[in-house]
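Residue 7 in the working numbering is what sits at position 7 of the sequence shown, and the numbering runs on without skipping anything. All C-beta atoms, glycine included, are put in the ideal place defined by N, C-alpha and C. Heads up, the thing below is written out as structure tokens.
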Amino acid sequence: MVPTMGALHEGHLSLVRASKADCDITVAWIYVNPSQFAPHEDLSKYPRTLQADIDKLDSCGTDLVFVPTDAEVYRPGHSTWIEVGTIAEPLEGRCRPGHFRGVATVVLKMLNMVQPDLAYFGQKDFQQAAVIRRTIADLDVPVEIRVCPTIRENDGLAMSSRNVYLSPDARQRAVVLWNGLEIARRMVAAGQRDAAIIVRQMTELVVAAGGEIDYIALVDPNTLAAVTEIAFPTLAALAIKIDGIRLIDNAILEP
Ligand code: PAF
């Protein structure tokens, strides 16, 4: 199964291709899940392109597309929610209250509805994949999670359903997320180990591009706890608003 919220791009299609390479039957799930939008986020503005999505899924050989309605996913009286602990708290969890509660709940529901052997997620949503792994381990859900690499535009910008909102000028400046990760990688390759110095450089770059910072963090990829020294492979993660459009990206820094 490839779970999505629609507005599909090459990143999603790469998950479909990975699933097709591994599995007999590939099911895509398209559902804009209201419960994972934080109170300040506008669900009604999320891009909806169902027919184009189905055409794209069809062209890469998806066997089944499941497009449940709100009434099918959250039936009357729904009142059970998955609260994931520590791993869901920093980064996205801090900026988007209730987000991972909604994600973990809908993912568990979709795993129960579809009952796939494998489910595919993108590395761009690193914390989401970590939260889902935690949930299925804690609740003994019989599914294997596969996380596939982030697919990027030619200039490095991570593909995202939200990129369509960027004006041509904002689109050019949005490459700063990638440039920030690149500068961090270069600093680590050159021997820099002080996380604060790396974060400062990334911050300067983002500010110069007119980005508004939700977070720029260097964390342990297993626990998402902040690190002060790059002593092991470390996750650099950032969430930046460009002209009000919120984008995220991440990379592993290898000392
Ligand atoms: O990554 C997404 O598109 C969503 O968070 C997911 C996993 C489909 C749950 O609604």
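What does the Cβ neighbour count give for Ser19, buried or exposed, with the cut at 16 atoms within 10 Å?
buried
On a Cα-Cα basis, can you pick out the residue from Ile242, Leu218 and Thr135 that is closest to Asn107?
With the sequence shown as reference, residue 107 is identified as Val, and Asn is not the correct amino acid for it. Ranking the options by Cα distance to Val107, first place goes to Thr135.
How is Asp214 classed by DSSP in three states: helix, strand or coil?
strand
In the DSSP assignment, find the beta strand (DSSP E) that holds Asp249 and state where it starts and stops.
Residues Ile245 to Leu253.
From what residue to what residue does the beta strand (DSSP E) around Gly122 run?
Leu118 to Gly122
By DSSP, does Phe262 sit in helix, in strand, or in coil?
Any property of residue 262 remains undetermined from this structure, which presents the chain solely from 1 to 255.
Three or more C-beta pairs under 8 Å: does that hold for the stretch 60-68 against the stretch 192-199?
They do not touch, by the three-pair rule.
Report whether the distance from the Cβ of Gln201 to the nearest heavy atom of the ligand PAF is below 7 Å.
no
Please classify Phe100: is it buried, with 16 or more other beta-carbons within 10 angstroms of its beta-carbon, or exposed?
buried
May I ask you to list the residues that DSSP assigns as paired with Leu238?
According to DSSP, which records beta bridges pairwise, Leu238 is partnered with Ile216 and Asp249.
Can you grab the Cα-Cα spacing for the pair Val219 / Ala225, in whole Å?
5 Å
Return yes when the C-beta of Val65 is under 7 Å from any heavy atom of the ligand PAF, and no when it is not.
no
Following a CB-centred definition, is Thr49 positioned closer than 7 Å to any heavy atom of the ligand PAF?
no
Cα separation between Ala7 and Ser160?
9 Å
Please classify Arg146: is it buried, with 16 or more other beta-carbons within 10 angstroms of its beta-carbon, or exposed?
Result: exposed.
Under 8 Å by Cβ, that's how I've got Ile30 and Thr62 pegged, so tell me the actual separation to the nearest angstrom.
Contact flag wrong, Cβ pair sits at about 10 Å.
Is Val206 closer than 8 Å to Ile230 when the C-beta atoms are compared?
no
In this structure, what does DSSP give as the bridge partners for Pro233?
By DSSP's assignment, Pro233 forms no beta bridge with any residue.
Can the beta-carbon of Arg162 be found less than 8 Å from the beta-carbon of Leu247?
yes
What's the gap between the Cα of Ala170 and the Cα of Leu157?
A straight line joining the alpha-carbon of Ala170 with that of Leu157 spans about 12 Å.
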